[in-house]
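Numbering (my numbering), first residue to last: 540 to 733.
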């Protein structure tokens with residue numbers, strides 16, 4: 540348990556920076572449609588200063604989103620690297636701290652598999668997944684608020700429902716597709732026996 544806490548403390552800073560810049564990136568992307576709408580609405584009003592300000596705001600949002608996405612992605616890579624490094628360090632210390640007879644119970648190949656493959660699988664399936672879930676929830680909230688505030692609540696509801704449906708439908712169809720795939724495999728085995 541204390542190893543988990545030590546490893547999580549090592550990746551805490553890069554994870555927080557990743558989440559903050561992901562939030563800023565999402566805010567920039569969410570504001571772009573509003574600025575576009577205001578830009579098109581201002582074209583007919585002959586307000587040159589407004590159009591220039593909106594144009595620069597639009598460019599700043601695009602540039603900001605690119606920079607924030609880069610920083611977020613960089614810190615995600617950094618977090619992945621730190622997690623793998625510190626976890627392997629903990630594993631090596633654990634392995635070499637064992638008595639010789641316990642160490643010899645497994646082959647060198649098994650230890651290599653544990654340190655190389657398993658650590659990266661844990662990072663990919665658990666750490667990255669949890670951070671991605673947090674980022675997705677924050678993105679959904681930001682997009683919802685921006686749609687309700689800047690566009691219309693009915694459109695926001697429609698988009699949220701469509702998003703939820705797109706998450707639910709694959710889960711429903713996956714079971715049916717798995718049954719059909721099983722049937723096809725059985726049929727191929729029967730055909731191959733003849």
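Ideal placement from N, C-alpha and C gives every residue a C-beta, glycine not left out.
Each residue's CA atom was taken as its position, placing residue 645 and residue 659 some 20 Å apart. DSSP, reduced to helix, strand and coil, places residue 584 outside both helices and strands of the structure shown, so it counts as coil.
In this structure, residue 562 lies away from residue 684, with their beta-carbon atoms at least 7 Å apart. Closest in C-alpha terms to residue 572, from the list 595, 701, 626 and 690, comes 690. Contact check between the stretch 549-566 and the stretch 593-612: three or more CB pairs, one atom from each, fall below 8 Å, which counts as touching.
A buried status is given to residue 568, since no fewer than 16 other beta-carbon atoms sit within 10 Å of its beta-carbon.
At a Cβ-Cβ threshold of 7 Å, residue 687 and residue 697 do not count as neighbours. Within the same chain, Cβ atoms closer than 6 Å to the Cβ of residue 607 are found at 560, 563 and 564, the five residues on either side in sequence being excluded. Here DSSP, grouped into helix, strand and coil, assigns residue 709 to helix.
Look at the beta carbons and you see the stretch 653-671 not touching the stretch 590-603: under three pairs across the two are nearer than 8 Å. Annotation: the continuous alpha helix (DSSP H) that includes residue 679 extends over 667-685. Counting of Cβ neighbours within 10 angstroms places residue 582 among the exposed residues, the total staying below 16. Spatial neighbours of residue 623 in its own chain (CB-CB distance under 7 Å, excluding positions within 5 residues in sequence) are listed in chain order as 658, 659 and 662. Inter-residue distance for residue 718 and residue 701 is about 26 Å (C-alpha atoms, whole angstroms).
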